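J.:
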Amino acid sequence: MVKELTCISCPLGCPLKVELNEQGAVVSVTGNTCKRGEEYGKKEVTAPTRTVTSTIRVEGAKAPVTSVRTKTDIPKEKIFACMEEIRKAVIKAPVHIGDVVIKNVAGTGVDVTATKAAE
Amino acid sequence: MEKHDLIIIGGGPAGLAAAIAARESGVEDVLILEREKELGGILNQCIHNGFGLHTFKEELTGPEYAARYMEKAKEMGIPYRLSTTVVDLQRQGDRVAVTSVSRQDGLVQTEAKAAVLCMGCRERPRGALNIPGTRPAGIFSAGTAQRLVNMEGYLPGRRVVILGSGDIGLIMARRMTLEGAKVLCVAELMPYSGGLKRNIVQCLDDYGIPLKLSHTVVDIEGKERVTAVTIAQVDEKLKPIPGTEERFDCDTLLLSVGLIPENELSKAVGVELSPVTSGPIVNEQLETSIPGVFACGNVLHVHDLVDYVSEEAEQAGHSAARFVKEGRSEGLREIPLKTAGAVRYTVPASISPERMGKEAVVRFRVGRNMRKATVRVLADGKEVYKRPRPVMAPGEMEQVKLQKEWLSGGCREVTVEAADGQEG
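These protein sequence lines are chains A and B, in that order. Using my numbering, the final residue of the first sequence is 119, and nothing's skipped along the way. Using my numbering, the final residue of the second sequence is 424, and nothing's skipped along the way.
Written out as structure tokens, the structure reads:
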């Protein structure tokens, strides 16, 4: 199987073709013009990850919501499960930057932390 | 009348960095005036990550980036006034007169030795686009939608079409999708996107949102609220091609069609503006045509990265502090910075070889996508610097560091050039 994607390692944006075998292992990366493109292509088809940023409802603060992030990247397929938990949650002020507001979101082992203070 | 040494108009990333730098340069009496009820400016609504890679070597969200500067300003005890809008700026003798209004203090007149313009920019509105159709509710600029979702906690629509592929539009395509809305497509008038590759991949491709290049909105339907939007392909002259129309049932249209520096106050004080950037024309001190009035950040020219805003603002803060302490060094020769090839403008637009430090940062943008490009600097037509650039894009800000030594021997003009490999 061949997966096509755009490299985001630099503004060139090379169109990559990543060839996978039946076991899902990477056989080759083509279309890249540098080493970084090859690495990006491999990771993006085998274990793509993203940082999720969103807002969370907060009680007892001046603002109705405050912003949050996953502390590190989580697997891409967990994005919507992560959002589901963030959307259901309501936290109480005061909140400081870096406070953990959801532990181990969607079973990823990654915490969701506040990125803005709310008081 | 209230008196200060230095007034900073705007408490966003530019204003904060300028105020901190001015303090560090030894000007104690600095005051920040901010229109919103908190400092931080636009960063407060930019909750996505990717800020600060250059400055802090880590990927921060907008509020986190702003907080770093707010904490520093707080530590230094820099005074600021919130919910305070500057409504007029005038030059009076050798002072700058600032008129501001706020609910708590009413109309206040303040006099300062110098001012730094840090008002940021605004989004180009629907009125600037000539889109046909009715005028129902449900049409927002991407930034307004961003504020509604990220700060006010409202989702402004459920089925969304986005016109323009600027970064804010791309970011909002993902944001609204994550919050449960359906983003039907992003239409872009040009054959290429003005947004970063990374945003196209991570905001559109990740969620299967189609990007329709060379497309524009040709009709908006709906009486009270948007009910449908029709887009069509455009030809090379950007005219819609009949027969290519596609109609989307939707309740919302977001516009992400460009940013314009917000220079009402600059015009009031008589600052000369550039027709290319819509921002003030400045020298290497980032001083405008009005003595003692400096400018930095998005009010000067629209930046791609906040890191460069902070860097530029720091420089403006140092320059303003120097002006407060020493006044303007009169009678210095200023030579023009000219553009050539694909370079659209430079900031600064002029430079004084005597006044400048060892080097001066010159920021610029190119007008088209280029591959195998070369950036050159010419002093009186003679090449003094040359650097190959594998790729250059209109969406990305470029810079060269102009060295004082290049301008020795009575240099009369400097040219910054960017050319395609093919053009030689």
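From the three backbone atoms N, C-alpha and C, an ideal C-beta is built for every residue, glycine too. Since the model is a prediction, treat every value here as computed from it, not as a measurement.
(1) Would Gly180 (chain B) be called buried (16 or more neighbouring beta carbons within 10 Å of its own) or exposed?
(2) Can you find the residues in the same chain that come closer than 8 Å, C-beta to C-beta, to Gly424 (chain B), ignoring five residues on each side of it along the sequence?
(3) With 7 Å set as the bound, which would you pick, yes or no: does the beta-carbon of Arg36 (chain A) sit closer than that to a beta-carbon of chain B?
(4) Would you say Pro210 (chain B) faces chain A, with C-beta separation under 7 Å as the test?
(5) Give me the chain A residues within the contact set of Leu254 (chain B), using Cβ-Cβ distance strictly less than 9 Å, ordered along the chain.
(6) Does the segment 69-84 of chain B come within contact of the segment 5-23 of chain B, defined as at least 3 CB pairs closer than 8 Å?
(7) Is the distance from the Cβ of Ala232 (chain B) to the Cβ of Pro240 (chain B) below 7 Å?
(8) Which full runs of the beta strand (DSSP E) of 3+ residues lie inside the segment 41-126 of chain B, going along the chain?
(9) State yes or no: is the beta carbon of Ala14 (chain B) nearer than 7 Å to at least one beta carbon in chain A?
(10) Taking only the alpha-carbon atoms, compute the straight-line gap between Gly40 (chain B) and Ala19 (chain B) and give it to the nearest angstrom.
(11) At least one CB of chain B closer than 7 Å to the CB of Met1 (chain A): is that the case?
(12) What does Arg198 (chain B) reach in chain A if we use C-beta pairs closer than 8 Å?
(13) Applying a beta-carbon distance threshold of less than 8 Å, which residues of chain B neighbour Ile97 (chain A)?
(14) For the segment 246-253 of chain B against the segment 156-166 of chain B, do three or more pairs of beta-carbon atoms, one drawn from each stretch, fall closer than 8 Å, so that the two count as touching?
(15) So which residues on chain A does Val362 (chain B) lean against when the C-beta distance must stay under 7 Å?
(16) Using the C-alpha atoms, what's the distance from Asn283 (chain B) back to Ser350 (chain B)?
(17) Please state whether DSSP places Met190 (chain B) in a helix, a strand or coil.
(18) Contact criterion: CB-CB distance below 7 Å. Does Asn49 (chain B) meet it with respect to chain A?
(19) Against chain B, with Cβ distances strictly below 7 Å, would Ser67 (chain A) count as a contact?
(20) Does the segment 200-209 of chain B come close enough to the segment 290-302 of chain B to have 3 or more Cβ pairs within less than 8 Å?
(21) Going straight from the alpha carbon of Gly195 (chain B) to that of Gly93 (chain B), what length do you get?
(22) What residues from chain A crowd round Gln399 (chain B), counting only those whose CB sits closer than 8 Å?
(23) At a Cβ threshold of 7 Å, is Leu12 (chain A) touching chain B?
(24) Using a C-beta cutoff of 7 Å, does Gly153 (chain B) count as contacting chain A?
(25) Spell out whether any CB of chain D is found under 7 Å from the CB atom of Val391 (chain B).
(26) Measuring alpha carbon to alpha carbon, tell me which of A:Gly31, A:Gly41, A:Cys34, A:Asn32 ends up nearest Ala25 (chain A).
(27) Can you tell me whether Pro63 (chain B) is buried or exposed? The criterion is at least 16 other CB atoms within 10 Å of its CB, across all chains shown.
(28) Give the straight-line distance between the Cα atoms of Glu36 (chain B) and Met176 (chain B), rounded to the nearest whole angstrom.
(29) Could you tell me if Lys3 (chain B) is buried or exposed, where buried requires 16 or more neighbouring beta carbons within 10 angstroms of its beta carbon?
(30) Kindly list the residues whose CB is nearer than 7 Å to the CB of Ile131 (chain B), restricted to its own chain and excluding five residues on each side of it in sequence; keep chain order.
(31) Looking only at its chain, what residues have a beta carbon closer than 8 Å to the beta carbon of Ile79 (chain A), apart from the 5 residues adjacent to it on each side?
(32) With 7 Å as the threshold, decide whether the Cβ of Thr49 (chain A) is near any Cβ in chain B.
(33) Just mark Pro336 (chain B) as buried or exposed, buried being the case when its beta carbon has 16 or more other beta carbons within 10 Å.
(34) With distances taken between CB atoms, is the gap from Ile209 (chain B) to Ala173 (chain B) smaller than 7 Å?
(35) Note down the Cα distance separating Asn150 (chain B) from Ile42 (chain B), rounded to an integer number of angstroms.
(36) Report yes or no: do three or more beta-carbon pairs, one from the segment 299-313 of chain B and one from the segment 327-334 of chain B, lie closer than 8 Å?
T.: Per the coordinate set shown:
(1) Along the second sequence, read from residue 1 onward, the residue named residue 180 (chain B) stands at position 180. By the 10 Å Cβ count, Gly180 (chain B) comes out exposed.
(2) For the purposes of this step, residue 424 (chain B) is identified with residue 424 of the second sequence, where counting begins at 1. Caution is warranted here: a pLDDT of 34 is assigned to Gly424 (chain B), below 50, making its placement in the model unreliable, and no coordinate value can be reported.
(3) As a first step, residue 36 (chain A) is located in the first sequence; it is residue number 36 there, counting from the start. Answer no: the Cβ-Cβ gap between Arg36 (chain A) and chain B never drops below 7 Å.
(4) Walking along the second sequence from the start, residue 210 (chain B) turns up at place 210. For Pro210 (chain B), the answer is no, since every Cβ of chain A falls outside 7 Å of its Cβ.
(5) Taking the second sequence and counting its residues from 1, the one referred to as residue 254 (chain B) is at position 254. Ordered by position in chain A, no residue passes the 9 Å Cβ test against Leu254 (chain B), which lies about 18 Å from the chain.
(6) yes
(7) Translated into positions along the second sequence, residue 232 (chain B) becomes position 232. Translated into positions along the second sequence, residue 240 (chain B) becomes position 240. The answer is yes: Cβ separation under 7 Å.
(8) 49-51, 84-92, 95-102, 106-117, 121-123
(9) As a first step, residue 14 (chain B) must be located in the second sequence, where it is residue number 14. Answer no: the Cβ-Cβ gap between Ala14 (chain B) and chain A never drops below 7 Å.
(10) Locating residue 40 (chain B) in the second sequence gives position 40, counting from the first residue. Locating residue 19 (chain B) in the second sequence gives position 19, counting from the first residue. Going from the Cα of Gly40 (chain B) to the Cα of Ala19 (chain B) covers about 13 Å.
(11) Counting from 1 along the first sequence, the entry for residue 1 (chain A) is found at position 1. Chain B contact via Cβ: absent.
(12) Here residue 198 (chain B) corresponds to residue number 198 of the second sequence, with the count starting at 1. Here the neighbours are Ile8.
(13) Position 97 of the first sequence holds residue 97 (chain A). Per Cβ cutoff of 8 Å: Pro63, Glu64, Ala67.
(14) As far as the Cβ criterion goes, the segment 246-253 of chain B touches the segment 156-166 of chain B, which means the pair count is three or higher.
(15) If you number the second sequence from 1, residue 362 (chain B) lands on position 362. The contacting residues do not exist; Val362 (chain B) stays about 20 Å from chain A at best.
(16) For the purposes of this step, residue 350 (chain B) is taken as residue 350 along the second sequence, with counting starting at 1. For the purposes of this step, residue 283 (chain B) is taken as residue 283 along the second sequence, with counting starting at 1. About 5 Å.
(17) Position 190 of the second sequence, counted from the start, is the residue given in the question as residue 190 (chain B). It is coil, neither helix nor strand.
(18) Working through the second sequence from its first residue, we reach residue 49 (chain B) at position 49. So yes, Asn49 (chain B) belongs to the interface.
(19) Sequence index remark: in the first sequence, residue 67 (chain A) carries index 67 (1-based). Judged by the 7 Å Cβ criterion, Ser67 (chain A) is in contact with chain B.
(20) no
(21) Here residue 195 (chain B) corresponds to residue number 195 of the second sequence, with the count starting at 1. Here residue 93 (chain B) corresponds to residue number 93 of the second sequence, with the count starting at 1. So the alpha carbons of these two residues sit roughly 45 Å apart.
(22) Reading the second sequence from its first residue, position 399 is the one you call residue 399 (chain B). Going along chain A, no residue has its Cβ under 8 Å from Gln399 (chain B), so there is no contact; the nearest lies around 15 Å.
(23) Within the first sequence, the letter at position 12 stands for residue 12 (chain A). Chain B, which has a Cβ nearer than 7 Å to the Cβ of Leu12 (chain A), makes this yes.
(24) For the purposes of this step, residue 153 (chain B) is identified with residue 153 of the second sequence, where counting begins at 1. At a cut-off of 7 Å between C-beta atoms, Gly153 (chain B) counts as an interface residue with respect to chain A.
(25) The chain labelled as chain D is not found among the protein chains of the depicted structure, namely A and B.
(26) For the purposes of this step, residue 25 (chain A) is identified with residue 25 of the first sequence, where counting begins at 1. Closest by alpha carbon: A:Gly41.
(27) As a working mapping, residue 63 (chain B) is identified with position 63 in the second sequence. Pro63 (chain B) should be labelled buried.
(28) Taking the first residue of the second sequence as position 1, residue 36 (chain B) is located at position 36. Taking the first residue of the second sequence as position 1, residue 176 (chain B) is located at position 176. Straight-line Cα distance between these residues: approximately 24 Å.
(29) Along the second sequence, one-based indexing puts residue 3 (chain B) at 3. That one is exposed.
(30) Along the second sequence, read from residue 1 onward, the residue named residue 131 (chain B) stands at position 131. Result list for Ile131 (chain B): Val217, Ile220, in chain order.
(31) In the first sequence, the residue the question calls residue 79 (chain A) occupies position 79. Once the five neighbours on either side are set aside, the close Cβ partners of Ile79 (chain A) are Arg50, Val52.
(32) What you label residue 49 (chain A) is simply residue 49 of the first sequence in a count that begins at 1. Not one chain B Cβ lies under 7 Å of Thr49 (chain A).
(33) As a working note, residue 336 (chain B) is residue 336 in the second sequence. Flag for Pro336 (chain B) reads exposed.
(34) Working through the second sequence from its first residue, we reach residue 209 (chain B) at position 209. Working through the second sequence from its first residue, we reach residue 173 (chain B) at position 173. A contact, by the Cβ cut-off of 7 Å.
(35) Taking the first residue of the second sequence as position 1, residue 150 (chain B) is located at position 150. Taking the first residue of the second sequence as position 1, residue 42 (chain B) is located at position 42. Going by the C-alpha atoms only, they are around 11 Å apart.
(36) no
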